Amino acid sequence: MKLLVTGGSGFIGSNFIKHWFSAHPDDSIINLDKMTYAANPRNLTEFEGKSNYQFVKGDILDEKIVDELVSQVDAIVHFAAESHVDRSIDDPSLFVRTNVLGTYNLLMAAKKYNKRFHHISTDEVFGSIEMGSDDQFNESTPYDPSSPYSASKASSDHLVRSFYKTFGLPVTISNCSNNYGPYQHPEKMIPRSITNLLTDQKIKVYGQGLNFRDWLHVEDHCRAIELILLNGKIGQTYCIGGLKKGTSNMELVKLMLKLMGKDESCLEYVADRPAHDNYAVNWDKINRELGWEPKYTFETGLQQTIDWYTTNTSWWQETKAEAEEFYKKLNSLKK
Ligand SMILES: NC(=O)c1ccc[n+]([C@@H]2O[C@H](COP(=O)([O-])OP(=O)(O)OC[C@H]3O[C@@H](n4cnc5c(N)ncnc54)[C@H](O)[C@@H]3O)[C@@H](O)[C@H]2O)c1
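Just so we're aligned: the sequence shown equals residues -11 to 323 in the working numbering.
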């Protein structure tokens, strides 16, 4: 197979390319990435110069590049997005352009050449689960996005589904919970907290830390995408989540403190994020139909992630400084 992976130099995209090449070494991949602040060129250096890997620096909004690349491949795996909720609160416009119009542009090219299209989306499109409830999102949960980020992803999901219903484009969609693992930008909660502790800074806890999320190890996510691409039913959506459904932020930071040998004096409580949602995902459908289940428990996955950030300090040092600058700017805007 020849794949076009969009956003392959970001967190999940680069883990996916590594996963795909280790499972399908004879396949080819074109990685189309704009190289925004979220991308890291060092993620994929191991594939540079290989005949079956091509990197193209470009924007999914660029019709010419997209047309040319889509025409060459068997399938598109679409990760490229603006992905940080806090940044979407600061400036939503880029989220609409990349996540909505960029997806539309890819769909138009996929339609022109009738190519298989897998769209990576988020459980955040479903909105929030009430505190104290045992509810979980599933494939028939109505959409109810809260942030400009999740609204832009919801919009792209609708477009993808409409291209299946209207034009018969062979699409699949996956809505997954919060990912964590190696190569995640240190602006995101888990790597930010680990790298804070590694540099003797406190972990920031939004509000009282009562909000809960469902945590999915990125390698488990990549296996799920592989299964959907190979065996998923065309036109279908699959929800993907972690083994433990719903971990409060306080439970998460306490586990992290324990695994890193620190205590609660390392916590700093900060003002809650507006429209802070709670998430938990039911992944029965992909388990039943494709035999997928997560391999990592939250504890084993978190330990592996802590070990990775502890050994790979040079990978995150520069981007961490940039991330902290962003948070300083965001905090000054709130005052
Ligand atoms: N990280 C999570 O927890 C999570 C959870 C659910 C869904 N998702 C979805 O998974 C996908 C990947 O997320 P991630 O965490 O790897 O994101 P990321 O921010 O780490 O990476 C996004 C990548 O897309 C690239 N990109 C951005 N705009 C582009 C454009 N206009 N043209 C080409 N490339 C562009 C960036 O340079 C970057 O390499 C996104 O669609 C996101 O919505 C992420």
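All C-beta atoms in this analysis are idealised placements derived from N, C-alpha and C, irrespective of residue type, glycine included. Model, not experiment: these values are computed from the prediction.
So, under 8 Å CB-CB, residue i and residue j are touching, yes? Tell me the CB distance rounded to an integer number of Å.
i	j	result
residue 186	residue 297	7 Å
residue 131	residue 113	5 Å
residue 178	residue 293	6 Å
residue -10	residue 79	Between residue 79 and residue -10 the Cβ distance is about 35 Å, and since that is not below 8 Å, they are no contact.
residue 258	residue 197	10 Å between Cβ atoms; not a contact.
residue 18	residue 57	6 Å
residue 64	residue 103	6 Å
Considering only heavy atoms of ligand 1, does any lie closer than 7 Å to the CB of residue i?
i	result
residue 164	yes
residue 52	no
residue 225	no
residue 167	yes
residue 22	yes
residue 33	no
residue 173	yes
residue 56	no
residue 135	no
May I ask which residues mark the beginning and end of the alpha helix (DSSP H) holding residue i?
i	result
residue 288	286 to 299
residue 0	-1 to 11
residue 58	51 to 60
residue 277	272 to 278
residue 242	237 to 247
Determine the extent of the beta strand (DSSP E) in which residue i is found, giving its start and end residues.
i	result
residue 63	63 to 66
residue -7	-10 to -6
residue 167	166 to 168
residue 76	Element bounds for residue 76: not the beta strand (DSSP E) but the alpha helix (DSSP H), 73 to 78.
residue 44	41 to 45
residue 257	255 to 258
residue 21	16 to 21
Within 8 Å (strictly less), CB to CB, does residue i reach chain D?
i	result
residue 104	No chain D is present in this structure, which holds just one protein chain.
query: Can you give, in chain order, each stretch of the beta strand (DSSP E) that sits fully within the stretch 86 to 144 and has at least 3 residues?
result: You should have 104 to 110.
Within the stretch 187 to 229, note down every full alpha helix (DSSP H) run reaching 4 residues or more, in order along the chain. Note on the stretch 187 to 229: whole alpha helix (DSSP H) runs with a minimum of 4 residues are 206 to 219, in chain order.
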